[in-house]
Amino acid sequence: METTCPECEATISLNADTVEGEIVTCPDCGVELEVVSVNPPELALAPEVGEDWGE
Amino acid sequence: MLRVSIIGGSGYVGGELLRLLLAHPGVEVAHVTSERLAGKPVASTHPNLRGHTSLQYVPASKVAPCDVLFLALPHGSAAKRIEEFAALAPKIVDCSADFRLRDTAAYERWYGEEHPNPAWLGRFVYGLPEIYREQIRAASYVSGVGCNATATNLALLPLARAGLIDTDRDVIVEVKVGSSEGGAQSSDASHHPERSGAVRSFATTGHRHTAEVIQETGVERVHLSITGIEMVRGAVATAHAFAKSAITEKDLWRAYRAAYTPEPFVRIVREKQGIYRLPEPKILAGTNYADVGFALDEATGRIVSICAIDNLGKGAAGSAVQCMNLMCGLEETAGLEFWGLHPV
Ligand SMILES: [Zn+2]
């Protein structure tokens, strides 16, 4: 199953056994994505976790 | 095996060329020159090469005809002696700035003197494969690239090609560089207690590499400032340009992918999580990679485009070897496969 990243438009392949609610990471932009539908495959930005990236 | 020689092998670019060429599967290094160090082992100045070669420096007069000649001489020397070198090899890669500019007026403006050998300017192809791959394949003479120019060019190229820049506004580029850019010659300013820990604004205006950026990107209103920081190798260009119309980050992704998919040595680095989210020169030391990333301030239309390289790698010797591979029909990545280190 192929779909695109809603953040950067990278093509993302999902395994055949992917289920709704799974979290995947975009290989290009690194964003966390939630599988909101598998047929057809569709991804949405996952809720962000706390940020600990700084200087 | 190609027989190659290096004219001017004792400096930092010469040493990096030697390191790459000695390990290159398709190349045999015949001669390496230094007038000052003739008779001394090349490993006496490049200690990382100990045990890998018994080559000794020879004076340039001892260099035998070969397949490819690399020139790593100080500014102006290659242009004055190019006929002599061209008699030694059918293919030349010159790492100096002597043959980078096509326009003699631009050369005079930025170098403050007449070009010593303008008849040869048109015979050289600018050695950035990301722009001139096909021309380099067919070329006999290729000019190496400027390190700061390369970081800046690769940062601006996707924006210029996609026509995203407002050309009525100025593009400002700050380049942070390691101390090896100053070359192997010591000076009062490079004395360790003076240089260590310094943040040295050494070329605030008028840097010569600006001419290469204008020539290769077509961005006329571009301004460079160079700052030396606490790093031996590496250059990172941070370019600030304004979008000519409202854009989103997706437009930037499209522009960068259009410019660099599938370039073997340019990676788009713009990640939402992790430690290394944008290009970072330290993990590129010793590699031929250019990592390019971006950010957009949607409220003002300011695009920040960032490119990191090893100044001696992609910024000099790495690009030169990549060009040799193209000129000689070798695999483009041959001899340039090192991935870099982490942690480092
Ligand atoms: Zn993505």
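The listed protein sequences derive, respectively, from chains P and X.
For the first sequence, counting from 1, position 54 maps to 60 in my numbering; every step adds exactly one.
For the second sequence, counting from 1, position 66 maps to 73 in my numbering; every step adds exactly one.
From the three backbone atoms N, C-alpha and C, an ideal C-beta is built for every residue, glycine too.
Please confirm whether residue i and residue j have their CB atoms less than 7 Å apart.
i                        : j                         : result
methionine 7 of chain X  : valine 75 of chain X      : Lying outside 8 to 351, the shown extent of chain X, residue 7 of chain X is not represented and no answer is given.
alanine 341 of chain X   : glycine 33 of chain X     : yes
leucine 27 of chain X    : valine 328 of chain X     : yes
valine 180 of chain X    : threonine 159 of chain X  : yes
valine 249 of chain X    : aspartate 173 of chain X  : Residue identity check: residue 249 of chain X is phenylalanine in the sequence provided, not valine. For phenylalanine 249 of chain X and aspartate 173 of chain X, yes; Cβs fall inside 7 Å.
valine 37 of chain P     : glutamate 28 of chain P   : no
arginine 207 of chain X  : glycine 185 of chain X    : no
alanine 315 of chain X   : proline 269 of chain X    : no
alanine 167 of chain X   : valine 70 of chain X      : no
valine 299 of chain X    : leucine 161 of chain X    : yes
glutamate 339 of chain X : proline 288 of chain X    : no
valine 39 of chain X     : glycine 22 of chain X     : no
histidine 349 of chain X : isoleucine 290 of chain X : yes
glycine 151 of chain X   : cysteine 73 of chain X    : no
serine 12 of chain X     : alanine 37 of chain X     : yes
leucine 333 of chain X   : isoleucine 143 of chain X : yes
alanine 218 of chain X   : leucine 108 of chain X    : yes
alanine 266 of chain X   : proline 165 of chain X    : yes
glycine 83 of chain X    : glycine 190 of chain X    : no
Name the chain P residues whose beta carbon is nearer than 7 Å to that of residue i?
i                      : result
glycine 281 of chain X : Gly36
Would you mind telling me which residues of chain X sit closer than 7 Å to residue i, beta carbon to beta carbon, in chain order?
i                       : result
glutamate 40 of chain P : Those do not exist, as glutamate 40 of chain P stays about 14 Å from chain X at its closest Cβ, beyond 7 Å.
Need the endpoints of the beta strand (DSSP E) that residue i sits in, please.
i                        : result
isoleucine 29 of chain P : 29-31
valine 20 of chain X     : Careful: valine 20 of chain X lies outside any beta strand (DSSP E), inside the alpha helix (DSSP H) at 19-29.
leucine 285 of chain X   : It is not in any beta strand (DSSP E) - leucine 285 of chain X carries neither H nor E in the DSSP assignment.
valine 41 of chain P     : 38-44
threonine 245 of chain X : 242-249
lysine 257 of chain X    : Where lysine 257 of chain X is concerned, there is no enclosing beta strand (DSSP E), although the alpha helix (DSSP H) it sits in stretches over 256-267.
histidine 38 of chain X  : 34-40
tyrosine 296 of chain X  : Careful: tyrosine 296 of chain X lies outside any beta strand (DSSP E) and carries neither H nor E.
histidine 199 of chain X : Where histidine 199 of chain X is concerned, there is no enclosing beta strand (DSSP E), although the alpha helix (DSSP H) it sits in stretches over 199-202.
arginine 228 of chain X  : First-last for arginine 228 of chain X: undefined, no H or E at that position.
threonine 17 of chain P  : 17-19
At least one CB of chain X closer than 7 Å to the CB of residue i: is that the case?
i                      : result
cysteine 14 of chain P : yes
I'd like to know if residue i contacts chain P, where contact means its C-beta is closer than 7 Å to some C-beta of that chain.
i                        : result
glutamate 344 of chain X : no
lysine 257 of chain X    : yes
glutamate 181 of chain X : no
glutamate 278 of chain X : yes
Along the chain, where does the alpha helix (DSSP H) that runs through residue i open and close?
i                           : result
histidine 59 of chain X     : Histidine 59 of chain X -> no alpha helix (DSSP H), and no H or E assigned at all.
phenylalanine 92 of chain X : 84-93
glycine 325 of chain X      : 325-334
arginine 140 of chain X     : 136-145
proline 66 of chain X       : Note, proline 66 of chain X: premise wrong, no alpha helix (DSSP H); not H, not E.
cysteine 154 of chain X     : 154-168
arginine 116 of chain X     : 111-118
For residue i, return the contacting residues in chain P, with the cut-off set at a CB-CB distance below 9 Å.
i                        : result
glutamate 270 of chain X : Here the premise fails: no neighbours, minimum Cβ distance about 15 Å.
Find the residues of chain P that neighbour residue i, judging by a C-beta separation of less than 8 Å, and give them in chain order.
i                         : result
tryptophan 127 of chain X : Correct list: empty, because the minimum Cβ distance to chain P is about 43 Å.
Residues of the segment 87-104 of chain X whose Cβ lies closer than 9 Å to any Cβ of chain P, in chain order: none
Cβ-based contacts, 7 Å cut-off: residues of the segment 108-133 of chain X near chain P: none
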